[in-house]
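Residue numbers (this note's numbering), protein chains in the order written: chain Z, 1437 to 1933; chain W, 1437 to 1933.
Note that beta-carbon positions come from the ideal geometry of N, C-alpha and C, so glycine has one too.
Presented below is the structure to which this report refers.
Number of protein chains: 2
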Amino acid sequence: MSESQYSEFCERVREMSDLGYAGGMLSWDQETCMPKRGAQARAQALGSLAGLYHERMTDPRLVDLVEELAAAGTGDDAGTNVREVRRAQQRALRLPKDLVVELSRTQSLAHEAWVEARGSDDFGQFQPWLEKLLGLQIRVAEAVGYEGSVYNAFLDEFEPYARVEEMAPLLASLRQRLVPLVAAILEQDRKADPRFTREWDVARQEAFGRQVIGDLGFDWDAGRLDVSVHPFCGGTGPDDVRLTTRYQADELTSSLFGIIHETGHGLYEQGLPRDQYGLPVCESISLGIHESQSRMWENMVGRSRAFWEHQLPRLQSFFPDELAGVSVDEMYREVNRVEASMIRVEADEVTYNLHILLRFELEQGLVAGEIAVADLPGLWNERMQEYLGICPANDAEGVLQDIHWSSGLMGYFPTYALGNLYAAQLFVAARQDLGDLDAQFARGETARLLAWLREKVHSRGKRLTASELVQDITGRPLGIDDLMSYLEKKFGEIYSL
Amino acid sequence: MSESQYSEFCERVREMSDLGYAGGMLSWDQETCMPKRGAQARAQALGSLAGLYHERMTDPRLVDLVEELAAAGTGDDAGTNVREVRRAQQRALRLPKDLVVELSRTQSLAHEAWVEARGSDDFGQFQPWLEKLLGLQIRVAEAVGYEGSVYNAFLDEFEPYARVEEMAPLLASLRQRLVPLVAAILEQDRKADPRFTREWDVARQEAFGRQVIGDLGFDWDAGRLDVSVHPFCGGTGPDDVRLTTRYQADELTSSLFGIIHETGHGLYEQGLPRDQYGLPVCESISLGIHESQSRMWENMVGRSRAFWEHQLPRLQSFFPDELAGVSVDEMYREVNRVEASMIRVEADEVTYNLHILLRFELEQGLVAGEIAVADLPGLWNERMQEYLGICPANDAEGVLQDIHWSSGLMGYFPTYALGNLYAAQLFVAARQDLGDLDAQFARGETARLLAWLREKVHSRGKRLTASELVQDITGRPLGIDDLMSYLEKKFGEIYSL
């Protein structure tokens, strides 16, 4: 591998990465700042950026460089960078630029249509956009090709090297063990603590949330927090990470756990290897691994009893009257209340994966052409009834609740369930390495866990695949046992099962 | 001119415009949102975008298209678009891409260095960056070429078709008439009304400011207002206009007039011809014409007695105790208080142009190599003493106060003085066409003036040059008489000269 070839390769890849950077900022801005009438021009601009990115990726000079570098071969970071660019390039070479641009513009406009449709609870407004988007995405899948199910072409964008043929049985076995646990818990019919049903000043919620973000080790000089309809972690790389949340005056911890979740994503981004900035090695491995970070901080840390030993008095200083007399155990039970509920992002740890399985199944039907877009609201509601025994009162709290499909993120949902599995399995390994994590959390010390994640996961960037990483850290392939044992033990105690 | 050639031309130009769009949003974000550590990657990304823009602009296919379309000739919008792209292309063809990228990255980093230097009042921190930037800009000027003074190469980016050989005498004659007026006013030594020296709640300042922006006809669905160190109007075109301001608790109207000023810019942007979006016709004519809009709204409208007849009671409803008993005449005098002051953006209408002349003169010396960057602070302070009889206590309120040089905007300042001249001359024409504007303003009616500006200026986009526009609307070339008569009459009355 010649030095000068590799450096020309890096220069070209970094330039493309900067187009992605611009796209990332425009997308963040679209969710947080952009005025209403800006949508059309935004879609146009994002489309042009996607088109230029595609053009640069498929530039014959870069194709030659990649092939020559790949043939020369190497096992270090350069090898990873070449391998990953080649992967993306092979995909891009099969796609006409027009389709890339049209898909990007349609995503951006479909997203705006979804915002409107959700606001006015009118699936019909969104339906033609989703149909159009899905049609374009299937054209993309057919163009890039896939082995096995067409769904693999979708999955590949979010969870590289994963296959639905392996994932579906894993998630099905998860469901088999989850359903009786959920049933046993819901049978207890435990009532909510009425002290938490009241108004919670939003400004104080925000102040506490910001304090927690800092406590967990997020670098405020390399990131920020804003408000958006749908919480997310965006931005452009380790030095500029954008978290968002939304506040509800009638919920004390809904925004908080969203914040901790996005902080988990943000800590991963801030820990990526900066010396490889703009190259694949400085990117996250997959969305599943990304989600393992957010879910570990949200659930295994944020919803632990030990976390609240430290944080409850701090939260009480923001809400002294409202939380007077609430004990750590009561708070712990409150933030771990299991219920059949409508909204995925507010679901507890136990029912959450059923929300995902519902979406995963509908997605597979959609892309296989077995389900029509028009039938989605009905099927959604049927499945909610079947899995959780409840039915959305309207589409805004049903099929329209999530941003994903409107943004072209079909095939993304199962990475959430994978994230829960990865998180549980990694957390078992962390406990083995770090001793009594609960005692640390109870003292407000999460720094050792963060350092461990930095070393084992974040700083390695994209050097390993998701399966390699899990095997390397835990010595085992991904399974469902760690997650299920964790859930059965924790909720078995809370619900005295 | 063939239909298909022109449509390929438009597609390519719109794609480039989208790169500019992304750059515009990244720059806005850099001023309003970006966390500190994001600066390096931002500079990198802006550099890549500038480089790609340059590459597309100088693409041989676009060069051929432009030459063929230009040779075919036409007098309509297509002709304007081809003419303006050709102008930019001729310039770009003379610039190596490396220089474009380096200039962009240096601007972005120099800007961050300026923010730091200004914050810590340390010109030394900024000096090497300004030296580097100036060196790069002179290389650019030499590469693109110029007639007459090298300063024309700088000016051309901001005030197309203008020449320093014509502008300098015009501004010198302005100075000759301004100096005795300033002296006569300052001789009165009129004391400030002590009722305005107090704390003014910032949240109420902001609420009133937002109300005024709406009153003046700004479309909130196509724009927003944020806070930045240096107020500006940015964004990406008619449907997404970003105004910024800053608030000072010890100043009632400093932020307000900044807001009205930026709203003037914003109204221009929102009024550009949307059907030509992404093409030169949908761009403003020049910074001088842009500034004529901001200055007209800020001064001829916002600092008129009639405006305050309507707005004072409204402002009093935000500050009922603080402004109890203040009359319209007192308010009018307060917002037109003339004083020798340090900060350009807070200067009154009369002394303002002297601030500009100082910068204009230093800039000419810098680019001609007659002044060294290291000597700027000293020369700045000397000149302030000479023109206004005061000397900055430190560089933060002296040579470091403005954003422009740090962002590569050398040659920009004189467009502010031109803006004042254009504004005065256009306003005389508006008065002739629209009858008693004062009576309208006193009733809170500014809509007829806006409609007139929409028709005469905004909706015409870049179809005319600045001189053509002024000639067309006022029947005369640009002069200093209208501005000076306006100032002499208004301040003659206020100061009983």
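- Spanning the alpha carbons of residue 1925(Z) and residue 1507(Z) requires a straight line of approximately 51 Å.
- Nearest Cα to residue 1857(Z) within the set 1583(Z), 1913(Z), 1810(Z): 1913(Z).
- Along the length of the region 1568–1653 of chain W, whole alpha helix (DSSP H) runs at least 4 residues long occupy 1587–1591, 1600–1624, 1638–1651, reported in chain order.
- Bounds of the beta strand (DSSP E) holding residue 1669(W) are 1669–1673.
- In terms of beta-carbon proximity, residue 1470(Z) lines the interface with chain W, with at least one pair separated by less than 8 Å.
- The secondary-structure analysis by DSSP pairs residue 1498(W) with nothing; it has no beta-bridge partner.
- In its chain, beyond the 5 residues on either side, 1542, 1543, 1546, 1844 have a beta carbon closer than 7 Å to the beta carbon of residue 1569(W).
- Within the model, the alpha-carbon separation for residue 1453(W) versus residue 1750(W) is close to 41 Å.
- Residue nearest to residue 1535(W) within the set 1518(W), 1721(W), 1509(W), 1580(W) is 1580(W) (criterion: CA-CA distance).
- Boundaries of the alpha helix (DSSP H) harbouring residue 1516(W): 1513–1529, taken from the DSSP string.
- For the options 1598(W), 1765(W), 1673(W), the alpha carbon positioned closest to that of residue 1748(W) is the one of 1765(W).
- In terms of CA proximity to residue 1790(Z), 1816(Z) leads the group 1767(Z), 1816(Z), 1768(Z).
- In this chain, the beta strand (DSSP E) harbouring residue 1677(W) covers 1676–1681.
- By the neighbour-count criterion, in which a residue is buried when 16 or more other Cβ atoms sit within 10 angstroms of its Cβ, residue 1438(Z) is exposed.
- Counting along the chain, no beta strand (DSSP E) covers residue 1700(Z); the unbroken alpha helix (DSSP H) around it starts and ends at 1690–1706.
- If you ignore the 5 residues before and after residue 1484(Z), its C-beta comes within less than 8 Å of the C-beta of 1537, all in its own chain and listed in chain order.
- Bounds of the alpha helix (DSSP H) holding residue 1928(Z) are 1917–1930.
- Below the 9 Å Cβ cutoff, chain W contributes 1471, 1472 as neighbours of residue 1656(Z), in chain order.
- Against chain Z, the beta carbon of residue 1659(W) has neighbours under 7 Å at 1471, listed in chain order.
- In the DSSP assignment, residue 1663(W) falls within the beta strand (DSSP E) that extends over 1659–1663.
- For residue 1488(W), the C-beta contacts it makes with chain Z under 9 Å involve 1451, 1454, 1455, 1488, 1492, in order along the chain.
- By the criterion of at least three beta-carbon pairs nearer than 8 Å, the region 1497–1513 of chain Z is not in contact with the region 1558–1574 of chain Z.
- With a contact defined as Cβ atoms closer than 8 Å, residue 1774(Z) and residue 1787(Z) qualify at about 6 Å.
- In this structure, 1621(Z) is the residue among 1611(Z), 1486(Z), 1621(Z), 1553(Z) with its C-alpha nearest to the C-alpha of residue 1769(Z).
- The C-beta distance from residue 1898(W) to residue 1719(W) rounds to 5 Å, short enough to meet the 8 Å contact threshold.
- Listed along the chain, the chain Z residues whose CB falls inside 9 Å of the CB of residue 1534(W) amount to none; the nearest CB is some 11 Å away.
- Residue environment analysis places residue 1605(W) among the exposed positions, since fewer than 16 neighbouring C-beta atoms fall within 10 angstroms of its C-beta.
- A check of alpha carbon separations from residue 1597(Z) across 1673(Z), 1519(Z), 1550(Z) identifies 1519(Z) as the nearest.
- The beta carbons of residue 1463(W) and residue 1670(W) sit closer together than 8 Å.
- Closer than 8 Å to the CB of residue 1676(Z) there is at least one CB belonging to chain W.
- With at least 16 other beta carbons inside 10 angstroms of its own, residue 1700(W) counts as buried.
- Residue 1656(W) is classed as exposed because its beta carbon has fewer than 16 other beta carbons within 10 Å across all chains shown.
- Straight-line spacing of the CA atoms in residue 1715(W) and residue 1804(Z) works out to 42 Å.
- Rounded to the nearest whole angstrom, the C-alpha separation of residue 1474(Z) and residue 1675(W) is 5 Å.
- When secondary structure is reduced to three states using DSSP, residue 1778(W) falls in the coil class, being assigned neither helix nor strand.
- With distances taken between CA atoms, residue 1854(W) lies nearest to 1903(W) out of 1739(W), 1903(W), 1497(W), 1549(W).
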